[in-house]
Each structure stands twice: as structure tokens, then as C-alpha cells.
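First to last, the protein sequences are chains A and B.
So for the first sequence, the numbering used here puts the first residue at 305; every next one is plus one.
So for the second sequence, the numbering used here puts the first residue at 21; every next one is plus one.
Beta carbons are placed, not taken as given, at the ideal position from N, Cα and C, and that holds for glycine.
All of these numbers come straight from a predicted model, not from anything done at the bench.
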Amino acid sequence: MTSRFVVEVDKISKNFGPVQALDELELKIEPGLFGIIGPNGAGKTTLLRILLGLIQPSSGSARVLDMDISQSKKIRERIGVLLENPTLPKAMGAREYLSQVIKIYGSTNDPDELLELVGLQDATNRQIGHLSAGMRQRLGIALAFAGNPDLIILDEPTSNLDVPGREQMLDLLSHLYHKSKVSIIIASHILSELEQICTHVAFMNRGKNVVQGTTNDIIEKYALNRFRIRCSDAHTLAQLLDGKFGIEDIRLLGPNMFSFRYENSIDSIVLPVRQEAESCNIQIHRIEIIASLEDAFREVIQ
Amino acid sequence: MKQKLAKLMAQFQIEIGMSYRFPVIEGLAALIFLTPIEAAVLTWNAVSINPDRLEYFVFAEFGFSGMHLGNLMFGLTQLLPILVPVLVSFTAAKSFEDGYIQTLLTYPVERVTVLLVKTICVIIIPAGLLTFTYLFAIPFIIPQAPLISHVSIMLLGVWISVLLFAILSMLVAVITKKVSATAIFGLAFGIVTPILLNNPAVPNIARVVLNPFDAAYRYITNHSSYMMFGTEMTPLIDLQIGFGISLMISLVLLTFTLWLFTRSEIGG
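Okay, structure coming up:
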């Protein structure tokens with residue numbers, strides 16, 4: 305029986321000594337462009353390493369492309385991977401190395417075509433050690449496509465890149481996804497990037513899958529009709545406003561910031577809210593609409 | 021089969037490209053070549069100053085032409101227990117430490133094959149260079165033909181020693197995953213073995229097991245340590261048994277290292 309999921313994780317836990325990196329994590333990833341989001345230390349990289357067979361889970365099981373993770377080599381035959389800050393042989397040429405990796409996959413891909421696909425056609429003979437960080441990441445993407453994979457796993461693909469480099473990398477990933485229709489899993493802590501390209505996302509925190517769904521559904525559920533106030537004393541103002549003017553579901557986001565749900569136009573309560581704040585000598589800096597994945601993530605994690 | 025072979029060759033090419041680019045092989049070759057060349061120059065200098073000394077070098081003291089072959093390699097018998105672990109630290113342990121092993125293990129390769137490729141490279145390259153140097157030096161320095169049996173004993177000593185030192189160091193590299201730890205092990209091993217080799221309390225066979233190359237050198241030069249350190253000359257039978265034990269230890273250690281590597285966590 306074939307599964308409709310590319311990855312199924314069933315109650316996986318992983319301990320490194322006293323540190324629990326994954327805590328009975330459950331996750332089902334459908335084909336498409338999927339983002340795994342979480343702060344540093346959330347367990348994203350640990351999860352990917354378990355899926356790749358680099359480390360063993362303390363408990364639980366997982367399947368990748370309908371194969372148990374114990375069949376690590378068979379899984380790796382069908383996936384392409386770009387690890388975070390990958391180490392590559394610096395003294396080898398880009399084309400030379402890619403050619404050898406293609407042979408390892410037993411693929412018939414043309415290394416020149418792959419290098420052209422990622423925009424490295426002018427650097428084919430350059431030593432990997434002489435490539436810029438952005439070019440190395442591009443080479444990493446070409447390497448991930450070396451074996452005609454059914455699934456590509458990318459761990460922090462934009463780390464170490466400057467802003468233009470990040471944008472180029474995201475454009476490249478989006479282009480490659482639409483061209484090849486290969487499922488791509490991207491683990492990252494940069495939410496704005498994943499919001500741009502991922503159709504589905506999962507939020508991870510402290511080794512658990514906190515929320516999962518389509519990017520739009522998550523924004524709608526956790527960030528639509530929600531507003532945020534930045535002020536000098538969030539705790540006092542939040543207490544004052546709770547239940548007043550139709551404001552509900554107040555969440556403190558920090559000493560100077562809280563969010564709330566309000567079903568109508570925000571303009572109708574701006575004045576009364578400011579008056580309430582002034583009555584307690586609280587200064588309101590900004591009232592804003594929350595509508596990004598980052599805001600939804602903050603809402604969920606807080 | 022053809023595809024498997026191509027895959028294996030690709031792994032070898034990556035290993036060579038990753039670990040044996042300039043100046044690793046060049047440095048290794050220079051070290052290995054320079055030591056016998058130095059011995060040759062010293063010998064010829066001595067002979068050219070006083071031609072009568074040729075007889076001294078050939079027959080008088082040691083009686084075997086093989087002595088010269090052994091003498092050429094003497095420096096290397098002392099250097100090898102350090103050289104091989106340092107090479108392992110620069111190749112295998114480095115890929116553990118810098119994370120390349122992680123990248124490699126995301127490709128469809130068996131862990132056993134990955135480690136075997138590394139081990140084979142680290143054995144073949146220094147042992148091959150030593151063999152070449154040794155055979156290359158024969159016609160230049162030996163006034164008379166060496167005994168075939170001496171050549172084979174010396175080469176066997178070289179290969180078994182490199183095998184033993186490489187696998188021991190590989191085990192240290194797999195356990196520690198550190199360049200420094202593997203190199204320090206090499207230095208410690210290089211310092212401790214001569215002390216044990218020259219200790220009269222250590223049995224002959226144990227001395228052969230510890231450094232087959234050195235034992236082969238001592239045997240063919242008829243260079244009894246007895247003269248210098250009070251130890252007895254190694255008889256041929258002890259040499260053969262020692263070689264066998266050393267080989268077996270190497271194979272057992274290799275199996276254990278491979279087993280350990282297949283179970284170790286990478287990048288955890």
C-alpha cells in the first residue's frame with residue numbers, strides 16, 4: 305500500500321544525554337513545497353538527520369517515501385539533500401565533483417546541464433574552495449538534483465547568504481519546484497522566506513510539532529482578525545482592555561507588546577483604546593494588523 | 021556490476037580529490053624518498069672518503085648485502101608509526117571533524133564502503149610509496165644483488181606495518197572523530213613503540229607484532245639488538261609468527277572499526 309505522504313513521523317523522540325531534542329514528534333508531510341519552521345534548537349536538523357539515517361531515534365518510527373528509515377540507503381537513492389553549511393571538497397572542481405556524485409547515484413544526468421540549471425555554467429572548472437557562499441549553495445542544489453530524486457531535503461538553504469543571495473536562492477528553489485514538481489522539504493528559521501515559497505508548513509518548538517497546515521490556513525487561523533499593540537506597558541493595558549469594545553483573546557507577546565482578536569474594522573476602536581491608555585499614562589506606539597507567517601508563528605509559540 | 025564498479029571508483033576519486041591533493045601526497049613522497057636518499061648519501065660519502073670502507077659496508081660487519089637495503093629504510097621504520105596515524109588524521113579524522121563525512125553519507129553509499137575506501141587509500145598510498153622507494157633504491161646502492169627472500173621479507177614488513185598502523189589509527193579516528201586526537205595517538209604510538217622494541221623484557225614475537233617493518237629490518241640486516249640493547253636477534257620463525265599475528269590483529273581491528281562506524285551517530 306502506498307502512502308500519500310512523502311514523510312510520516314510517528315512519535316519520534318531523540319535524546320542527546322540530558323537534552324531532549326525531539327519529544328514524541330508527529331508529522332505528516334504531503335507532496336509539495338513544505339516548510340519546517342522553528343527557532344534554533346527546535347529540533348529541525350535532528351529530525352532531518354534521523355530521516356537521512358545519520359542518527360538513530362531514541363524511540364518512535366518514521367517513513368520516507370513509504371520506506372522505513374532503517375532502509376537508509378534505499379531512501380538516499382531517491383532523495384537529494386543539502387545540509388546546513390555543507391562541507392565539500394575544496395580542492396575539487398565544481399563539475400569534477402558533481403560528475404562523481406552523479407556516478408554514485410548511478411544517474412545519467414549531464415553535469416553541465418545541472419550546473420546551468422542552477423546558474424553555475426561559468427564556474428564549472430572553478431575549484432569549490434574558490435566559489436562564493438552563494439555559488440556553493442547553488443552547487444549544493446545541483447548536487448541535490450544529481451540523482452533525479454523524488455524528494456529534496458534542504459536544511460537552512462539560505463544560511464550564510466546575504467539578502468540578494470537569499471532572494472536568488474528562493475527564486476531558484478521556486479523555479480526548480482515548478483519545473484520539476486519534485487517535493488521539497490525546507491527546514492528554516494527564517495519565516496518570511498518560507499512564507500514566500502512554501503504551500504504547507506509545520507511549526508516546531510522544543511522538539512514538538514506545534515501546528516501544521518497550509519501556509520494560508522495557518523495565517524488565517526492565527527493571524528487574521530488579529531491585531532497587535534506596541535505600548536509602554538503591555539501587561540496593564542491588556543488587563544484594562546480585556547472584554548472591552550469587543551476585544552477578545554488577548555495574548556501577551558512581551559513587556560511592550562500584546563495581540564488580540566477583533567472581528568470588525570480596527571479604526572472603530574483606535575480612539576477608545578488610546579483614551580484608555582492615556583488614562584493610565586501608557587503610551588501607545590503602534591496599533592498594527594498581524595497577517596504574516598511570522599506573526600502567526602509568534603502567536604502560536606507565545 | 022559495471023555500475024557498482026563505477027560507483028566505487030567515484031568514491032575513490034572523491035576520496036583522492038578530498039584528502040590527497042597537494043601537498044599531502046607530495047609531502048608524503050618527499051618524506052619517504054628523502055630518508056633512504058639521506059642514508060645513501062651518507063654511505064657513498066663514507067665510501068668515497070675511504071674506498072676500503074666499501075668492504076666494511078658490504079661484508080665486514082653485517083655480512084649481508086640485504087643490510088644495505090635495511091639500512092636504507094632504517095629511518096622509515098622509526099618514522100612509519102607516526103607517519104601513518106598523522107596521514108589518517110589528515111584524511112579520515114579530518115572528514116569527521118569538518119563534517120564532510122555527513123555530506124558523503126547523504127549520498128546512496130554504504131557506511132562500510134565509505135570507511136573501507138578511506139582505509140584502502142591510507143594503506144595503499146604510503147605502502148605503495150615505500151615499496152617503490154625501496155625497489156627504486158636497490159640498484160643505486162647495492163654493490164651486489166640482494167637476496168630475494170630479504171626483499172620479500174622487507175616488503176611484507178612494510179605492508180603489514182602500514183596495515184596495522186592505519187587500522188589502529190582509523191579506530192582512534194572513528195572513536196574520537198578528532199584530527200588532534202588521532203595525530204596525538206600517532207605521536208604517542210611512535211614514541212612508545214621504540215621503547216618497547218628495545219626492551220629486553222619484551223618477547224621477540226611481541227616486538228614483531230608491534231612493528232613488523234622494524235623487525236624485518238632487524239632480521240635482514242642481521243642487526244641484533246643484542247649488541248646495542250641486550251635483546252636477542254629475532255629468529256625467522258618468530259618473524260613469521262609475528263607477521264601472522266599482526267595481520268590477524270589488523271583484520272580483527274578492521275572488522276571492529278567497521279562495526280563501530282556503522283553504528284556511530286554522525287553529526288549528532
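Just mark residue i as buried or exposed, buried being the case when its beta carbon has 16 or more other beta carbons within 10 Å.
| i | result |
| --- | --- |
| A:A450 | buried |
| A:L424 | buried |
| A:H589 | exposed |
| B:C141 | buried |
| A:P576 | exposed |
| A:L498 | buried |
| A:S487 | buried |
| B:W279 | exposed |
| B:F276 | exposed |
| B:N231 | buried |
| B:T55 | buried |
| B:T282 | exposed |
| A:G321 | exposed |
| B:G86 | With a pLDDT of only 41 at B:G86, under the threshold of 50, the placement of this residue in the model should not be trusted, and no figure is reported. |
| A:V313 | buried |
| B:H170 | buried |
| A:S496 | exposed |
| A:R308 | exposed |
| A:A527 | buried |
| A:T306 | exposed |
Please compile the residues from chain A whose C-beta is within a distance smaller than 7 Å of the C-beta of residue i.
| i | result |
| --- | --- |
| B:T282 | None at all; the shortest Cβ gap to chain A is about 10 Å. |
Name the chain B residues whose beta carbon is nearer than 8 Å to that of residue i?
| i | result |
| --- | --- |
| A:E381 | P128 |
| A:L356 | L125, T126 |
| A:A395 | G37, M38, R41, F42 |
| A:K348 | Within chain B, no residue comes near A:K348; the closest Cβ sits about 13 Å away, beyond 8 Å. |
| A:L392 | Y120, T123 |
| A:K377 | P128, V129, E130 |
Note down, in chain order, each residue of its chain lying with its Cβ closer than 8 Å to the Cβ of residue i, except the 5 sequence neighbours on either side.
| i | result |
| --- | --- |
| A:T503 | G336, L337, F338, T518, T519 |
| B:M247 | Residue placement at B:M247 is flagged as unreliable, the pLDDT there being 43, under the threshold of 50; a coordinate-derived value is accordingly withheld. |
| A:R399 | P415, D416, L419, T428, N429 |
| A:S317 | Q324, L326, D327, E328, L329, P361, S362, S363, G364, G511 |
| A:R555 | F562, S563, F564, E603, Q606 |
| B:A80 | Since pLDDT at B:A80 reaches only 43, below the 50 mark, its modelled position is unreliable, and no value is offered. |
Which residues does DSSP list as the beta-bridge partners of residue i?
| i | result |
| --- | --- |
| A:G397 | A:Q431 |
| A:C535 | A:I588 |
| A:I340 | A:A491, A:A506 |
| A:Q324 | A:N319 |
| A:D314 | A:S365 |
| A:I594 | A:R530 |
| B:K24 | In the DSSP output, where bridge partners are listed per residue, B:K24 has none listed. |
| B:I211 | DSSP output for B:I211 lists no bridge partner at all. |
| A:L329 | A:I316 |
Find the residues of chain A that neighbour residue i, judging by a C-beta separation of less than 8 Å, and give them in chain order.
| i | result |
| --- | --- |
| B:E285 | L358, I359, Q360 |
| B:K27 | K407, I408, G410 |
With a CB to CB cut of under 7 Å and the five nearest residues on each side skipped, what residues in its chain are close to residue i?
| i | result |
| --- | --- |
| A:V385 | L356, A448, I457 |
| B:G250 | Summary for B:G250: the model assigns pLDDT 49, below 50, so the residue's position carries little reliability; its value from the coordinates is reported in the next sentence. Closer than 7 Å at Cβ, skipping near neighbours: P220. |
| B:V44 | F110 |
| A:N560 | R534, C535, S536, A538 |
| B:A235 | G177, R227, V228, T254, L259, G262 |
| B:Q98 | P214 |
| B:F185 | L100, P101, V104, P105 |
| B:S181 | L100, N231, P232, F233 |
| A:F601 | I341, L495, F507 |
| A:S463 | E388, N389 |
Interface residues of chain A around residue i at Cβ under 9 Å?
| i | result |
| --- | --- |
| B:A30 | S403, Q404, V405, I406, K407, I408 |
| B:Q23 | K407, G410 |
What in chain B is Cβ-close to residue i, meaning under 9 Å?
| i | result |
| --- | --- |
| A:R353 | Q122, E285, I286, G287, G288 |
| A:V311 | Those do not exist, as A:V311 stays about 15 Å from chain B at its closest Cβ, beyond 9 Å. |
| A:E400 | Q33, G37 |
Quick one: what's got a C-beta closer than 6 Å to residue i's C-beta in the same chain, skipping five residues either side?
| i | result |
| --- | --- |
| A:R565 | N529, R530, E552, D553 |
| A:N452 | S411 |
| B:N224 | T254, D258 |
| B:Q122 | I286, G287 |
| B:I143 | V182, L183, A186 |
Quick one: list the residues of chain B neighbouring residue i, beta-carbon separation under 7 Å, in chain order.
| i | result |
| --- | --- |
| A:V385 | T126 |
At least one CB of chain E closer than 9 Å to the CB of residue i: is that the case?
| i | result |
| --- | --- |
| B:S115 | Reference to chain E is not applicable here, since the protein chains of this structure are A and B. |
Quick one: is the Cβ of residue i within less than 8 Å of any heavy atom of the ligand ADP?
| i | result |
| --- | --- |
| B:G262 | For the ligand ADP, the structure offers nothing, since it holds no ligand at all. |
Any alpha helix (DSSP H) of 4 or more consecutive residues that is wholly inside the stretch 434-487 of chain A: Fully contained in the stretch 434-487 of chain A are the following alpha helix (DSSP H) runs of length 4 or more, in chain order: 437-448, 467-484.
Beta strand (DSSP E) segments (min. 3 residues) lying fully within the stretch 502-531 of chain A: Whole beta strand (DSSP E) segments, 3+ residues: 504-509, 512-518.
Entirely enclosed alpha helix (DSSP H) segments - the stretch 547-591 of chain A, minimum 4 residues: Positions of the alpha helix (DSSP H) runs, each at least 4 residues long and wholly inside the stretch 547-591 of chain A, are given as 571-583 in order along the chain.
Ordered list of alpha helix (DSSP H) runs contained in the stretch 339-426 of chain A, each at least 4 residues: You should have 348-356, 376-381, 398-409, 415-421.
Start-end ranges of the alpha helix (DSSP H) lying completely within the stretch 123-205 of chain B, minimum 4 residues: Given a length threshold of 4 residues, each whole run of the alpha helix (DSSP H) inside the stretch 123-205 of chain B is given here in chain order: 131-161, 168-196.
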